[in-house]
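Engineer:
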Amino acid sequence: MSETNQSTPEFEAAASRAETVAEFEDHRRGVLGKLQHLLHVNPSLVPLIVLVGAMLVFGLLLGSKFFSPFAMTLILQQVQIVGIVAAAQSLVILTAGIDLSVGAIMVFSSVIMGQFTFRYGIPVPIAVMCGLAVGTLIGALNGWLVSRVKLPPFIVTLGMWQIVLATNFLYSANETIRSQDIEANAPFLQFFGTKFSIGGATFTVGVIFMLVLIFVLTYALKHTAWGRHVYAVGDDPEAAELSGVNVHKTLMSVYMLSGLICAFAGWALIGRIGSVSPTSGQLANIESITAVVIGGISLFGGRGSILGSLFGALIVGVFTLGLRLLGADAQWTFLLIGLLIIAAVAVDQWIRKVSG
């Protein structure tokens, strides 16, 4: 009895102490915690800071030679193809996948447009639609193999890259359709290369398409149910499915949209280089992944802003043009971009670790 009476106040004292212990520590206290939270909420902030910093550095070194309407719009023209393909790559990576076939889809779609026009005499608008349809179908096949057959995206798209690339060379017989022939007989194929000037700056339709595409996708991912489903599937597909998200439908839509965007990139590629070449754009898959990673989109899926991929592409463009104007060896560009890739992944890991 006495032991029971003595244990009662001890239990009450322990319970009162437990109330104070059961408080969660706020990990966001301090400058470092606030910085981490800011970067976690705004993942495109890091590439934006790097982009602005790079522009300021090259601006100080080169002056008006760099900060001119011609130089600024030249950067946009140089990155338009990478920016469009990076938008497609971003969608796939947000679902925790990766698409190594984006470059091959782009080139093959452009070859379809050119060959259908010149080999079969199909009207140019219909040939363009066929090229867009082919890109979408390849994306759908990728999505079906990933979502239904449950094959790893890396393996699926690696194999598709080889298949599409081989089909591209076999179908085209390595034949390049010259710019002069396209300009004379099918100028609509070069539509994305149409130039116009605004206040001394020269833009192309391809640049405008890239910017509109990025902002439309940014809005869709942030303000629509489909966008929330994309992030949910990338973060945890099992949890997303238990929450009522149709994971198969979401993945199919992402890969099909990615293929369609790559086909548009193929059309823009014709406008950019003027010709239809089966050997062009061979590094688009690597360049798109580079832009996405530097742009702050996590390779583990579920985090990042597609706007960051545009910043990533622009960073590469700024470094490339800036170092070229300085007369530096081109290898310095690859060195700096390599460092940026490693730094971007390191920052992403740090944000994930502290957030966890």
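Sequential numbering of the sequence shown, starting at 1, is according to UniProt numbering. The beta-carbon is built from N, C-alpha and C at its ideal position, and this holds for glycine as well.
Here's the rule: buried if 16 or more other CB atoms are within 10 angstroms of the residue's CB, otherwise exposed. What is G338?
Structural biologist: That one is exposed.
Engineer: Do T157 and D99 have their CB atoms nearer than 7 Å?
Structural biologist: For T157 and D99, yes; Cβs fall inside 7 Å.
Engineer: Quick one: grab the DSSP three-state call for A201.
Structural biologist: Three-state DSSP puts A201 in a strand.
Engineer: Assuming L323 is part of the alpha helix (DSSP H), what are its boundary residues?
Structural biologist: Unbroken alpha helix (DSSP H) run through L323: 306-326.
Engineer: From A166 to A291, what does the alpha carbon distance come to, in whole angstroms?
Structural biologist: In a straight line, the C-alpha of A166 is about 26 Å away from that of A291.
Engineer: Ignore the nearest five residues each way along the sequence and tell me which others in T218's own chain have a CB closer than 8 Å to its CB.
Structural biologist: Counting only Cβ-Cβ distances below 8 Å, and skipping sequence neighbours, we find S305, I306, L307.
Engineer: Are G281 and L269 closer than 7 Å when you measure CB to CB?
Structural biologist: Yes, Cβ-Cβ distance for G281 and L269 is below 7 Å.
Engineer: Let me check one thing: in DSSP terms, what residues is V276 bridge-paired to?
Structural biologist: I177, per the DSSP bridge assignment.
Engineer: Roughly how many angstroms lie between the CA atoms of G327 and G317, to the nearest whole one?
Structural biologist: Cα to Cα, the separation comes out at about 15 Å.
Engineer: Output the distance between the C-alpha atoms of residue 385 and F300, rounded to the nearest integer angstrom.
Structural biologist: Residue 385 falls outside the range modelled here, since the chain spans only 1 to 356, and no answer is possible.
Engineer: Below 8 Å, how does it come out for the segment 115-135 and the segment 181-188: are there three or more Cβ pairs, yes or no?
Structural biologist: Output reads yes: the segment 181-188 touches the segment 115-135.
Engineer: Name the residue from A284, V207, C130 whose alpha carbon lies nearest to the alpha carbon of W161.
Structural biologist: When only C-alpha atoms are compared, the closest one is A284.
Engineer: With a threshold of 16 other CB atoms inside 10 Å of the CB of T194, please say whether the residue is buried or exposed.
Structural biologist: With fewer than 16 Cβ atoms within 10 Å of its Cβ, T194 is classed as exposed.
Engineer: If you check the beta carbons only, do C262 and M72 fall under 7 Å apart?
Structural biologist: No; because the gap between Cβ atoms is not below 7 Å, this pair is not in contact.
Engineer: Quick one: what does DSSP say F264 is sitting in, helix, strand or coil?
Structural biologist: Helix, per DSSP.
Engineer: Within 10 angstroms of its Cβ, does P123 collect 16 or more other Cβ (buried), or is it exposed?
Structural biologist: Answer is exposed; the Cβ neighbour count stays below 16.
Engineer: Specify the secondary structure class of K195 as computed by DSSP and reduced to three states.
Structural biologist: K195: strand per DSSP, three-state reduction.
Engineer: For A313 versus G83, is the C-beta spacing smaller than 7 Å?
Structural biologist: Going by C-beta atoms, A313 is nearer than 7 Å to G83.
Engineer: Can you tell which of S277, M210, A54, T333 has its C-alpha closest to the C-alpha of Y171?
Structural biologist: Y171 has its Cα closest to that of S277, out of S277, M210, A54, T333.
Engineer: Would you identify the three-state DSSP class for V245, choosing helix, strand or coil?
Structural biologist: Looking at V245 - three-state DSSP - the assignment turns out to be coil, as it is neither helix nor strand.
Engineer: Alpha carbons only, please: which of G271, L141, F169 is nearest the one belonging to G159?
Structural biologist: When only C-alpha atoms are compared, the closest one is L141.
Engineer: Grouping DSSP H, G and I as helix and E and B as strand, with all else coil, what is A232?
Structural biologist: The answer is helix: DSSP assigns A232 an H, G or I state.
Engineer: Assuming G202 and G271 form a contact by the criterion Cβ under 8 Å, report the distance between their Cβ atoms to the nearest whole angstrom.
Structural biologist: One detail in the question is off: residue 202 reads as Thr in this sequence, not Gly. At roughly 14 Å, the Cβ-Cβ gap does not stay under 8 Å, so T202 and G271 are not in contact.
Engineer: Does the separation of the CB atoms of V134 and S110 fall below 7 Å?
Structural biologist: Result no, Cβ atoms of V134 and S110 do not sit closer than 7 Å.
Engineer: Relative to the C-alpha of M256, which candidate in F209, H229, F334, G139 has its C-alpha closest?
Structural biologist: Answer by Cα proximity: G139.
Engineer: Go through its chain and collect everything with a Cβ distance to A232's Cβ below 6 Å, but skip five positions before and after it.
Structural biologist: So the qualifying residues of the chain are A240, V245.
Engineer: Let's test the definition: count the other Cβ atoms within 10 Å of the Cβ of P153 and tell me whether it reaches 16, buried, or not, exposed.
Structural biologist: By the 10 Å Cβ count, P153 comes out buried.
Engineer: Roughly how far, in whole angstroms, is the beta-carbon of M113 from the beta-carbon of G266, given that I think they are within contact range, below 8 Å?
Structural biologist: Going by Cβ atoms, the distance from M113 to G266 rounds to 7 Å, so yes, they are a contact pair.
Engineer: Between the beta-carbon of S288 and the beta-carbon of Q78, is there less than 7 Å?
Structural biologist: Not a contact, by the Cβ cut-off of 7 Å.
Engineer: Is it right to say F264 is buried, meaning 16 or more other beta carbons lie within 10 angstroms of its own, or is it exposed?
Structural biologist: By the neighbour-count rule (16 or more Cβ atoms within 10 Å), F264 is buried.
Engineer: Find out if the Cβ-Cβ distance for the pair T250, H223 is shorter than 7 Å.
Structural biologist: Taking 7 Å as the Cβ cut-off, T250 and H223 do not qualify as a contacting pair.
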